[in-house]
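What follows is a short report on a single structure.
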Amino acid sequence: MLTPNGKEYAQKIPREELTHLILRLLQAWKEPLSHFNQHHQELPDDSLSKAKQISSMVHELKTGVEKVTEKARFSINSLNGMTPSEAAGLSISNEANMMSDSDFIHCFRRDSNKVQSYLKILKCRIMPENSC
Amino acid sequence: MKQKLTSSLQIILLLALTAVSLTGQSYPGKPKIIRCRSLEKETFSCWWKPGSDGGLPTNYTLFYSRDSEEEIYECPDYRTSGPNSCYFDTNHTTPWTTYNITVTATNEIGSNSSDPQYVDVTSIVQPDAPVNLSLETKTSANTMYLWAKWSPPPLAEARANSHVYHYELRLKPEEKEEWETISVGVQTQYQVLRLQAGVKYVVQVRCMLDLGEWSEWSSERRIQIPNGESPPEKPTIIKCRSPEKETFTCWWKPGSDGGHPTNYTLLYSKEGEEQVYECPDYRTAGPNSCYFDKKHTSFWTIYNITVRATNEMGSNFSDPHYVDVTYIVQPDPPVNVTLELKKPMNRKPYLVLTWSPPPLADVRSGWLTLEYELRLKPEEGEEWETIFVGQQTQYKMFSLNPGKKYIVQIHCKPDHHGSWSEWSSEKYIQIPTDFRVKDMVVWIVVGVLSSLICLIMSWTMVLKGYRMIAFILPPVPGPKIKGIDTHLLETGKSEELLSALGCHGFPPTSDCEELLIEYLEVEDSEDQQLMPSHDSGHPSKNTKMISKETDSDSGRGSCDSPSLLSEKCRECRTLSSTLQTQDIRDVQENTGGKTSWETQCIASEQKILLLNNETTKSSTWPAAQLPNTQPPMFAYHSTVDAHKITLNTTNVNIAPVLVGNEEKHQSQYPITETVHNNMEKQREMENLHSKTDQTTAQVKQNRPNDKSPFLNPKLMDYVEVHKVRQDEQAVLLKHKENSGKTEKYTVPGTSKEYTKVSTVVDHNIIVLMPDSCIQHTSVSQEPAMETSPNLQQGQAEKNMSYCLTAPSECKRETSGSEYMDPSSFMPSFK
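Laid out in structure tokens, this is it:
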């Protein structure tokens, strides 16, 4: 899944596409996270609860972004976007199954950082007055 | 037989042995003491080697004895030095003694002892080898030398400082066999010169105490001597940083260059890619650094970075360094730190601190979000107070002490994954003390107002001080004489008085003569009303009486007579006393003579002032004071003033005395005596009286009276008026002898007789009326004299009657006389 790797790229992308990208990312990680939680019951309770918390947060974040986009009346071709995202999600989940735990966590961390950065850019684009 | 026995014994022995050997148990073997050693001459240890244990558990015990002693000790410590050892600590170690040590192995079957070992501690000293040997090559002045360092052997008991070790170092090239030994001395380091370049050396070191043996050699250390031509050492990457999350820079530290110029190249590869790139920019960030600009910076990818050092001899790679730019962000410090003091209306002023993010950070687009933190401390303080501000770029400070100086710094950090920036430059805050200025203003205003109030109060005090004092300290009331209207006297309206008295055309001057005249009135108790008492509307009866008296004093002799003088004095006293009583305060205060009496006494009557002063000051015997007080006054000068003064004084003095002693008839005597004594004064008084009378009578002929004859003491012998009682009786004592003199005493130019005694019927006021008719006077006087002790009113009346007629004449005569014409008030007597 291709994501912009730099600030300029991220800024060049139109808002709708950026939003779409975010949503795709969030969607993609939904499955692997749940899979991870299922297969790692042996973790200590703290870590396990943390993992569950993270997956729920991801879900909430996705929902929130969707709502924001609806309110902002972005034209999201959700239908168009979903399919690739699902595919991307599957690919990611396949990869996630393959990779080790540390790699998994590392990848997740990076992708969440991506999402965060994209969201911030989006925020400052939509509403530039708030501490931007 | 014997052979059989021996053989049987042997067989038995063999059997026993085999039995023993079969069972495998026997007494232990003989242990052997391997070694005894002391590390520092204060403790030592012995190790032994056990023999066979005979198949059974064996105990080993060490026994020792010292020198030639018989006593045997056992090992104190079996453990410290390990198994099969005995450790003698300092308490059990005595140098210069020989220990006889044996080890005994014991098991169930038997025991076996080792051979004794004779140990002298001092001979078994051998320290441990030195430790921590480090080697380093250094270059100085184009020569390479080896610098070796080590540490002395550690000791269990921390007493290493007291031991001085001697060291020895040996080295050899790695491939060679022979060692080069160098004696180092007591130092723990050494520099080796004369090294072969490019050779790898092996180094060892050992030590020794001042007595004993050398320690073992330390472990080997190897070092490669740089050849001057060798590949460089491996560089190391220090850090990589991104200031704004768009570019980043890496820095490395080079190793030794091996004697040749070395090039450094940075090579990197990205995650997932095989291709290796070289650093795009070696310069922007300075030496030994690599700058990755925006194009070459990718986020969320891991960089694999290595540095390669290359020189003629070869190259060397550093360890790889993995970098993800997202996590290496360290921004620049915030800029534009500004302070603003805001003063809201109803609140305390506060400080607003604002700053802006570093210029490179792109906060606008949200790409990089920064969090800020500031710290402040008072200028003299030591600890910083750190305040996390968050993402806002301003901060309000409320709780700073006014007047103090603070130091403020700010730094920032990416909101996630990053490190804090450096602190911004110090910013000083000086809290203003405006509000204090306001307080000062208030205090200044208060001070000014209070000072004004004080000034005003002081002015009022000054201006109206007298009144204030009068209010505070009321004047002491003196004896008040009824009938005398002091105010009238004060006003000096002689016209009124005179009109009351029936006299007209009095001189306007209101001298003390008037007063004198008035004072001549003799008063008892309360009433001092003379003739004028009958008169109504007379403001001051006393004055009238006095005038009468003066008028009655046809001759000056009467005035000069002590009695008359006394009368006059009495009157004077009375009057003066009354006046004094009323105006004592004034008199007292106004030394200048502003009493009513004095006021009446005109300027010429300065003496009156004096008199007044005297009288005021005198209480009972002013008369007595007269001579004392005014000797100069009694300079017999033909000066009116002098006379007046004297008279005044006398009057003043006497009058109060009279008044004061009204109730004391006896006092009158002394008064008269004093009067006698002060003949001159009396005369003067009389003169003054006469003068005053004249003044009251409008005619002042005191001046002529001032002539010397007037002051003849002889005249003093005339009449003495004594007051015997407080009753209305007045005693006039007249000296017969004076009677004759009265004539003489009469003022030249005035043939007036002495005085006529005209007593007030009602009161004891004796009015001495100047009687031109000497005869009458004499006649009148004589009976008076006869009845000196008691003056009968009847006689007085007679006299008066006499005088009634006379006055008409007397008037004429008295026109030029000093005395007042009693005709005016003659009827009043009736």
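Going line by line, the protein sequences match chains A and B.
Note that the numbering used here has the first sequence beginning at 890, numbered continuously upward.
Note that the numbering used here has the second sequence beginning at 2, numbered continuously upward.
Idealized CB from N, CA, C, for every residue including glycine.
(request) Find the residues of chain A that neighbour H322/B, judging by a C-beta separation of less than 8 Å, and give them in chain order. (result) Within chain A, no residue comes near H322/B; the closest Cβ sits about 17 Å away, beyond 8 Å.
request  = Put L16/B into one of helix, strand or coil per three-state DSSP.
outcome  = helix
- Query: Any idea what DSSP makes of E920/A, helix, strand or coil?
  - Reply: If DSSP states are grouped into helix, strand and coil, E920/A belongs with the helices.
Exercise. Do P244/B and N317/B have their C-beta atoms within less than 8 Å of each other?
Worked result: no
Considering Cα atoms alone, identify which of S1006/A, L922/A, P1017/A is closest to D990/A. L922/A
Out of curiosity, what's the CA-to-CA distance linking V120/B and L15/B?
41 Å
- For a contact meaning CB atoms closer than 8 Å, what does Q900/A contact in chain B? Residues of chain B passing the Cβ test: S366, W368.
Assigned secondary structure, S357/B (DSSP; H/G/I helix, E/B strand, else coil)
strand
Cβ neighbour criterion (16 or more within 10 Å) applied to H638/B = Residue placement at H638/B cannot be trusted, given a pLDDT of 42 that sits under 50; what the coordinates show is reported in the next sentence. Taking every protein chain shown into account, the CB of H638/B has fewer than 16 other CB atoms within 10 angstroms, so this residue is exposed.
Count the other CB atoms within 10 Å of the CB of D1000/A; is the residue buried (16 or more) or exposed (fewer)? Using a 10 angstroms sphere on the CB of D1000/A, the tally of other CB atoms reaches 16 or more, which defines it as buried.
- At which residues does the alpha helix (DSSP H) containing L210/B begin and terminate? Per DSSP, L210/B lies in no alpha helix (DSSP H) and is assigned neither H nor E.
**Prompt:** To the nearest angstrom, how far is it from the Cα of W253/B to the Cα of Q197/B?
**Reply:** If you take the alpha carbons of W253/B and Q197/B, they lie about 31 Å apart.
Decide if V364/B is buried, meaning its Cβ has at least 16 other Cβ atoms within 10 Å, or exposed. buried
For this session: For the alpha helix (DSSP H) containing R999/A, list its first residue and its last residue.
Result: 990–1015
Q) Name the chain A residues whose beta carbon is nearer than 8 Å to that of H418/B? A) Within chain A, the residues N1002 have their CB atoms less than 8 Å from the CB of H418/B, given in chain order.
message = Here's the rule: buried if 16 or more other CB atoms are within 10 angstroms of the residue's CB, otherwise exposed. What is Y467/B?
response = exposed
Notebook entry, point to check: With 16 as the cutoff for other CB atoms within 10 Å, does P335/B come out buried or exposed?
Noted result: buried
I1015/A to Q392/B span [Cα, whole Å]: Distance between the alpha carbons of I1015/A and Q392/B: 19 Å.
- prompt: Would you say the stretch 454–461 of chain B touches the stretch 425–433 of chain B, given that touching needs at least three Cβ pairs under 8 Å?
  reply: no
Do you know whose CA, among V126/B, I110/B, R80/B, lies nearest S45/B's CA?
-> Looking at the sequence provided, one finds Phe at residue 45/B rather than Ser. F45/B has its Cα closest to that of V126/B, out of V126/B, I110/B, R80/B.
- What residues from chain A crowd round T327/B, counting only those whose CB sits closer than 7 Å? The contacting residues are N1002.
Determine, using beta-carbon pairs with one atom in the stretch 164–178 of chain B and one in the stretch 197–211 of chain B, whether at least three such pairs fall under 8 Å. yes
* To do: Measuring alpha carbon to alpha carbon, tell me which of Y1007/A, E949/A, I943/A, K896/A ends up nearest E906/A.
  => Y1007/A
Exercise for the section: Could you check the C-alpha separation between E840/B and S135/B for me, to the nearest Å? Expected result: The displayed coordinates of chain B run from 2 to 831. Any statement about residue 840/B would go beyond what the structure contains.
| query | Among the residues of its own chain, which have a CB less than 8 Å from the CB of K1003/A, if the five just before and after it don't count? | reply | T892, L914
List, in chain order, every chain B residue whose beta-carbon is nearer than 7 Å to that of I943/A.
Ordered by position in chain B, no residue passes the 7 Å Cβ test against I943/A, which lies about 15 Å from the chain.
| field | N894/A at chain B interface by Cβ criterion, 8 Å | value | yes
Q. At least one CB of chain A closer than 8 Å to the CB of D363/B: is that the case?
A. yes
- For D121/B, which beta-bridge partners are listed by DSSP? According to DSSP, which records beta bridges pairwise, D121/B is partnered with T99/B.
(request) Reducing DSSP to helix, strand and coil, say where Q631/B ends up. (result) Because the pLDDT at Q631/B is just 41, under 50, the model does not fix this residue reliably, and the value given afterwards should be weighed accordingly. Three-state result, Q631/B: coil.
Check your understanding: To which residues of the same chain is P208/B closer than 6 Å at the C-beta, ignoring the five residues directly before and after it?
Key -> According to the sequence provided, residue 208/B is Cys. The question's Pro does not apply to it. So the qualifying residues of the chain are P128, P131, Y166, Y168, S216.
- Message: Taking the alpha-carbon of H995/A as reference, which of I902/A, K896/A, W918/A has the nearest alpha-carbon?
- Response: W918/A
Comparing C-alpha positions only, which one of K406/B, P255/B, V326/B sits nearest to P379/B? K406/B
### Query
Going straight from the alpha carbon of H261/B to that of G315/B, what length do you get?
A straight-line Cα-Cα distance of about 10 Å links H261/B and G315/B.
Would you mind stating whether T123/B and P153/B have Cβ atoms separated by less than 8 Å?
no
Checklist line | Boundaries (first-last residue) of the alpha helix (DSSP H) holding G953/A | finding: 934–960
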